[in-house]
Each structure stands twice: as C-alpha cells, then as structure tokens.
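Working notes, structure below.
Residue numbers (my numbering), protein chains in the order written: chain V, 105 to 622; chain S, 478 to 828.
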C-alpha cells in the first residue's frame, strides 16, 4: 500500500536531468515529481529550459545525465511515437493541424492502421467505426466537436479541444500542454479551465507549461519553477501568491542599475504613441495604448508573448500593410506614421530587428552581401541609375561583419550557412550600421548563445549613448530590466504599468506580466 | 565555380536523359545510333536545317525568359503559350489593318502593339495573384485557353484569308517584313531564321544584367526568395509580382515578331509547337539563368527540328517522340539537382 502511494506521488519523476548545448547549460540537475491525477504547472521565462526538458521527455533529445521515470519505470524513448505509446501526449503552442481537412480526418491521420501491406493502402478506412469511437470519447469527457467541419473553419478554442481529444483518443494518461491559453480569449480560457478540471477528475495527469501566474494559482495543484536551466522550486500551489510566484520565476538576482540617464525632456520624443487601438479578425489586439520614447533612451516593453506585441510592432514598422481597424496616433520623429509605407518609415531614420529573424530579416538563400543590402537597397550610395554598386556594397558588408564579429567573414557565403547567433549579429550589425534615430528591437537575442547576447546588448547600449532612441520589445524580462531606462508592461493589449529605472521591482513586473491587478 | 558546377550538372543531366531516350528507341525496334545520326543530321545537316533550328531557338529564348523572370519573383508562368498567341495575333492584326505602312515604322508599330497586348495577357494573372490571391498557375492556364479561342475567332472571322482555305489570316503588308534589312536572313535565305534571334540573345543578356546587377533585379529576386523579408525591407512585393508577369507576357509576345514579321507574314492557327510549354523546360534546364536559356533553347530547338525528321526517316518513331525526349531530359536534369542537394546535406552533417 505504501509503495502504491509512493508511485502515485511520483507518477512522472525527473531525476537529475541535465542537458548542455555547447557552453549553454539548458537543463542542470533537474529533479521533481508530478503526482498522478494532478495538474502540475511548469513555469519559467523564455529560455529557462522548459522546452528542452519536454523534448528530453519525448525522446527528441537525449539527456546528458539523469533519468526520467514513468510510473516507477525508467523511460528511454527514442522518438515521440514511443512516448505516445507509453501514454504521453503533448499539445504544442502552435497547433499541428492541417487547415482544409476535417476534424475527424485529423483523428484518422493520427491513428496507426492495424492493417499491413497492400491492405493498408487499398482497404477503405473504417470511418464510421472511428467516428463512433471518437464520439464516445468526446461524450465521455463532455468535449463535443463538429467532426465533419474543416479544421480551418473551427475557432481556435475548438481546434485546441480537437488537439486534446486526439490525445485522449490515443489513451494518453499524461497530457502536456504548452502555453495552452496563449491563443485563447478570456472567455474561452474559463471554459478551457473547467474542461481541464474535468479531465483531472477523470484521472488524467496534466502538465501545463505557462508563464501566466494567475492561471497557475487558479488551476494548478503543484508547480515547478525553472530559471536559467535550473530548478528553483517545486511544491504545492496552495499558500502561494502572485507576487511570490513572480519572485520565484524571475528571481531576486541583484541587477546592476543602468546609468542614470541624462534624457533631455526638452527634446521631442522620437516615438510617441497616443491612444492606439487595433482590431483584426474579431479580436481587439491593442486597447488605447499610449507611450513615448525619448532620444538617448531605451524603453522596454515587457509582456508575455502574444499579448499584442506583434501587432504593435507591425503598426510601428509597416502600418500600411496592416488591414485591421486602426485608431489613435503614432508619431515617429514628429511625423504621423500610421499611414506610411515601410520604406517611408525606414527613410525617417528607423531601423528594426524583426521578431522572426528567419522569415522577416534575412534571405536564407541569398549570400551575405545581398543580405547586407536588404532594407537599405534604396540608399543612394549603393546604386547609380538603378545599377547596384556591388563593390562598395561588399566593402561595407565586410566592414560591418568584421566590426560585429560575424563569422565566417565571407560576403559570398549564403546566409543559411551562418549559425543562428551569427545571423542575428549580422542583422543587428546591418541595422545599426545605418545609424538609426529610432531603433525598434524585437526579441533581439532570441535563440542566440550567451556570447552573442553580450555583444548584441553592448551594441544596443552603445547606440543609446550616442543618442539613438531604442524601443525594446522582449519576452525576456531579464533582458528588459538590464537594458531599459523605462519599462511598460503589456498585458492583453493594454499597458498595465509603467516604471522607470529606479522603481524596478522584479516581483511587481512579473506579477503585472502575469495579469495581476494594479 | 557555382555557375560551373550548375552548368556541369545540367550538361550531365542532359546527356543522361538523351542516352536513356535513345535506349528507349531500341525498345521500339530502332537502332539508337541511327536515331542519333538522324537527329544530328536533321539539325545540322544543311544551312537550311540549321537555320530552322535557330528559328526555333529564337522563339524558345523568348518563352524561356517569359518563364524565368516570374520564377525569380516566386511565380510560375505556364501562360507563355497564351501570351505568345495574343502577341502574334496582334502583330498580324496590325499588319492587316494598316497594310500600306512601310519600313521602319511598320514593324516597330506591330512589335510594340504585340508586346503590349501579350504583356496585358501576363499582367492580368499577375495582378489577380498579387491583389486577389488567385493562383497564377490556374489563371495563366485558363488564359491559354481564352487566347486560343480568341485567335480562332479572328482567324476564321475578321482577319480571314480570302486566298486560302487554310486556317490562317490574310498576309500582313509587305512593309512589315523586315527581310530586306535582315543580315541574318541573308545568310540562310531559304530558312525562316531572322534578326529576331539577335534580339532574343540581346534580351537574354539584358535580363541577366538586370537580375544580377540592378536594384530592380535585386528587389525582384528578394521577393521571390522571401516575400515576408522583402516587404519588411520595404520592397513592394505586389508590384514586383505584377511587373514580372507583365514583362514576361511581353517577352512571350515577341515570338510573334519571329513568326509573323520575320517569317510567315501571317498568323497560322497552331503555328506554335508548344513554344510556351517547352519554354518551361528551357528555363528549367538553364536553372532560370537567362544566359543559360540561350543554350538550352538551342538544345531544345535542335531536338524539335530533329524529331520532325524522325517521323520520315524511321519506321516506328513519330514526331511526338520529341516530347518524350524532352520529358526524359527534364526528369534527368531534375534528378541531377538532387545530387547537389545530397551533397549539401552531407556537408551539414559533417559540420
């Protein structure tokens, strides 16, 4: 009896799991247990090591040291199919659904056919039987889905329900949900939570990855906190508060205060946003946002991803491409910019590190010199009568790469052959070499190693000192606090807090990011 | 180096494809060496034969460019056939409507009119793609059918030839035929080859220069590589998609200059042995390099010519064999693309 109890308490157990990538320690000696039939929240900032840990669990990575036990048995999955067979199931933050095919077909797609050989390809699918089984599962958990509807026509909430049903249909015992509420509206979230509680009541174990602290308090039984690859805390949620959770997540690590700024308030702001609202596809992404950035100042926008940052960035940098309903006013260097084109904004003296480097900032098949030109091809010094001056482009590209330590220093090498860190250093160097008056830096260090992070931060600070206004958007709170002179916190499309450097309080910012009231 | 290895791969692909196709003729009971010698003889046997090869080459350079340019902007133009039909029909119509015009204005007028209408035939699918998201493959295919319908309508109607029973228009005014000024035509007076060949080659070189050396070409290629990155860099992706289709249409329309003004003097229904579709193969073989298109158009021109004689000189092989030959060559060339792909994969694994 005692052993049984023990195994229920340690249904899923991580024992000293470690994993390094080069010099980066993604997971260090992580040990915690998940109780059977509980909802367990795994919290931590971006880059804290949560997804590495989940990839190890699913056998996508192998741990350098340590082990994972499922129901007392050590697991050694070599791929996710084995993990699935053992009763694990994961819903990714970005759903893995194919738009035009029906909800039922997604279940069928996922199902391993019992037939072998030719029969597998030729025999008709037992659609009716499968539909019957699926409906039985859906009924059991009270999660109805319109099975014959194309998935792209379903609202996001139902798509998520379908993803979860896929797992339940495959008899998953442990459901792992990665940022499940990132895509949901507040109303959908309520319904979603009550469903999770039902699943728990039905005996399922749920591991939910999140950085929304409010949800941890209202939903989870236990929680574990990862920070910089280490397990900080693991225990019951009972007795915790928003601020205590925020403190655990962000840590109290003493922060070197940024230099007191000599921001001249006499100068007009480089960026001024007044009452900006934005609506697209039935969702209000931004609610009357106001903020300003002075020359020589770094202003950080903190917030959990998908709270309206992408919409704000696009409104700043390519407003004319944004098709939703805009209201309010944006002034960049004293020009009304809400209806300008991207080139017009660039020529005002604005440069941009886009959030999604691979899709928005580089041409992967193009070589370094072509990528250096990207975004400044219109500059007079690079062409005459419409003909490009490749030799001067190559010179400047090589200079920029040398200055920013982009390796290898080869202007003819395709971008795809540079490492992620070097690509990002390339993008940062390219944008800063144009001496911007306003720099919009979105996730400037996402997916790059520590060395590159330091060099990128150094460059941003250097340009700030020389008078550039910097608007920094990042989901890494540590980065924001390290660099910014002022911080705004964005939550569900609203600015919920503003603080200047001497008022920072990691706990409070963390709580605001998680949706705590003022 | 990169150019050399891609040329080498195209050449290897071509050779392997040719060998496979010849082996296929053995299955049909022919002697492959005999087939090859017929092919060669028919293409290069006399100045007339060679002139005809160059005549085909000219049209294929135009259509090859018409496929290459949109491809660089990320679009697949399979509508060159319709575009060239509209261009040629317009040139014939101009020549019939104002027959008294003389050199040099007559051909200039006809060529600009044909270019414009063909460009319009490329512009519409390009515009639909950029602004409405209609897929260019579907739309250009439909436009091929529409162009075929329009040309039939005019050939049997308004532009009908009174002297002949053939499905062709009346002849254009003599001022439109630039034979007398054409040094290339003088070299092989019996064959249809004409100065359009030089224009096609110059156009290919200009296209290459524009794509590789100009701001315009840079922006166009950026759109083709990543529309998202291009528009983040302030490049108007829609504009380039539309423009590339517009110019491609015009290029395809210049086939009319080769056919109508340079040679036939009238629009004959079905004059094109699928120049527009072979142009896709031409561009593919050249890996969308405008300079390479000159050579691949020549190869396909020679195949086209050679295959017509296979019909007469062998017992079992018909001119359709040229299509089989082309298909096998395209497959072989495409196969050699992935040779490089494997090498890259190995390289990634090593590092």
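Glycine is no exception: its CB is placed at the ideal position from the N, C-alpha and C atoms. Because the structure is a prediction, the values reported are computed rather than measured.
Chain S beta carbons: is any one of them nearer than 8 Å to that of residue i?
i, result
"residue 362 of chain V", "With a pLDDT of 45 at residue 362 of chain V, under the threshold of 50, the modelled position of that residue is not reliable, and the figure given next carries that caveat. Answer no: the Cβ-Cβ gap between residue 362 of chain V and chain S never drops below 8 Å."
"residue 359 of chain V", "Legend: pLDDT at residue 359 of chain V = 40, less than 50; position of this residue unreliable, no value from coordinates given."
"residue 495 of chain V", "no"
"residue 534 of chain V", "no"
"residue 492 of chain V", "yes"
"residue 275 of chain V", "no"
"residue 410 of chain V", "no"
"residue 466 of chain V", "yes"
"residue 483 of chain V", "no"
"residue 469 of chain V", "yes"
"residue 314 of chain V", "no"
"residue 478 of chain V", "yes"
"residue 550 of chain V", "no"
Does the Cβ-Cβ distance between residue i and residue j come in under 8 Å?
i, j, result
"residue 211 of chain V", "residue 238 of chain V", "yes"
"residue 700 of chain S", "residue 551 of chain S", "yes"
"residue 390 of chain V", "residue 371 of chain V", "no"
"residue 539 of chain S", "residue 710 of chain S", "no"
"residue 517 of chain V", "residue 472 of chain V", "yes"
"residue 491 of chain S", "residue 776 of chain S", "yes"
"residue 598 of chain S", "residue 563 of chain S", "yes"
"residue 157 of chain V", "residue 195 of chain V", "no"
"residue 154 of chain V", "residue 417 of chain V", "no"
"residue 584 of chain S", "residue 722 of chain S", "no"
"residue 513 of chain V", "residue 504 of chain V", "no"
"residue 543 of chain S", "residue 792 of chain S", "no"
"residue 115 of chain V", "residue 140 of chain V", "yes"
Can you check whether the C-beta of residue i is within less than 8 Å of a C-beta belonging to chain V?
i, result
"residue 503 of chain S", "no"
"residue 709 of chain S", "yes"
"residue 819 of chain S", "Bear in mind that a pLDDT of 49 at residue 819 of chain S, under 50, signals an unreliable position, so the number given afterwards is only what the model happens to contain. No, because no Cβ of chain V sits closer than 8 Å to the Cβ of residue 819 of chain S."
"residue 693 of chain S", "yes"
"residue 706 of chain S", "yes"
"residue 570 of chain S", "no"
"residue 487 of chain S", "no"
"residue 560 of chain S", "no"
"residue 696 of chain S", "yes"
"residue 702 of chain S", "yes"
"residue 699 of chain S", "yes"
"residue 690 of chain S", "yes"
Between which two residues does the alpha helix (DSSP H) containing residue i stretch?
i, result
"residue 612 of chain V", "610–617"
"residue 587 of chain S", "582–604"
"residue 533 of chain S", "524–549"
"residue 757 of chain S", "752–762"
"residue 140 of chain V", "No alpha helix (DSSP H) contains residue 140 of chain V, which DSSP labels as neither H nor E."
"residue 593 of chain V", "Residue 593 of chain V -> not in any alpha helix (DSSP H); beta strand (DSSP E) instead, spanning 590–595."
"residue 630 of chain S", "613–633"
"residue 708 of chain S", "704–709"
Does the beta-carbon of residue i, which I'm using as the reference point, lie nearer than 7 Å to any heavy atom of the ligand GDP?
i, result
"residue 776 of chain S", "Annotation note on the ligand GDP: not contained in the displayed structure, which lists no ligands."
On the DSSP letters alone, give me the boundaries of the beta strand (DSSP E) that residue i sits inside.
i, result
"residue 691 of chain S", "That residue, residue 691 of chain S, is in no beta strand (DSSP E); it is neither H nor E in DSSP."
Going along the chain, which unbroken runs of the alpha helix (DSSP H) with 4 or more residues stay wholly within the stretch 428–473 of chain V?
446–451
Flag this pair as touching only if the stretch 292–309 of chain V and the stretch 581–601 of chain V have three or more C-beta atom pairs under 8 Å; answer yes or no.
The count of Cβ pairs closer than 8 Å, one atom from the stretch 292–309 of chain V and one from the stretch 581–601 of chain V, stays below three, leaving the stretches out of contact.
The stretch 688–700 of chain S touching the stretch 562–577 of chain S, judged by at least three CB pairs closer than 8 Å:
no
Touching or not, the stretch 373–386 of chain V and the stretch 422–432 of chain V, by the rule of three or more beta carbon pairs under 8 Å?
yes
Where are the beta strand (DSSP E) runs, 3 residues long or more, that stay fully inside the stretch 550–581 of chain V, in chain order?
573–577
Tell me the start and end of each unbroken beta strand (DSSP E) in the stretch 157–243 of chain V that is at least 3 residues and wholly inside, in chain order.
169–174 and 192–195
For a minimum of 3 consecutive residues, which ranges assigned as the beta strand (DSSP E) are wholly contained in the stretch 323–353 of chain V?
326–331 and 334–340
When you compare the stretch 531–546 of chain V with the stretch 554–572 of chain V, are there three or more beta-carbon pairs, one atom per stretch, that lie closer than 8 Å?
yes
So if I threshold CB-CB distances at 9 Å, which residues from the stretch 708–733 of chain S count as touching chain C?
Absent from the structure is chain C; the protein chains it does hold are V and S.
How about the stretch 702–716 of chain S and the stretch 479–486 of chain V: do they share at least three Cβ pairs that are nearer than 8 Å?
yes
Are the stretch 753–760 of chain S and the stretch 640–655 of chain S touching, with three or more C-beta to C-beta distances below 8 Å?
no
Examine the Cβ distances between the stretch 783–793 of chain S and the stretch 610–619 of chain V and report whether three or more of them are shorter than 8 Å.
Short answer: they don't touch.
Stretch pair the stretch 577–593 of chain S + the stretch 643–659 of chain S: three plus CB contacts closer than 8 Å:
yes
Can you check the stretch 721–804 of chain S for any alpha helix (DSSP H) of at least 4 residues that lies completely inside it and give the ranges in chain order?
752–762 and 767–790
As an exercise, report each continuous alpha helix (DSSP H) stretch of at least 4 residues that is fully enclosed by the stretch 484–530 of chain S, in chain order.
Inside the stretch 484–530 of chain S, DSSP marks whole alpha helix (DSSP H) runs of 4 or more residues at positions 509–521, from first to last along the chain.
Any chance the stretch 267–285 of chain V sits against the stretch 303–313 of chain V, with 3 or more Cβ pairs inside 8 Å?
yes
Unbroken alpha helix (DSSP H) runs of length 4 or more, entirely within the stretch 472–502 of chain V: which are they?
472–477
Can you check the stretch 368–416 of chain V for any alpha helix (DSSP H) of at least 4 residues that lies completely inside it and give the ranges in chain order?
none
Between the stretch 518–536 of chain V and the stretch 454–470 of chain V, can you find at least three pairs of beta-carbon atoms closer than 8 Å?
yes
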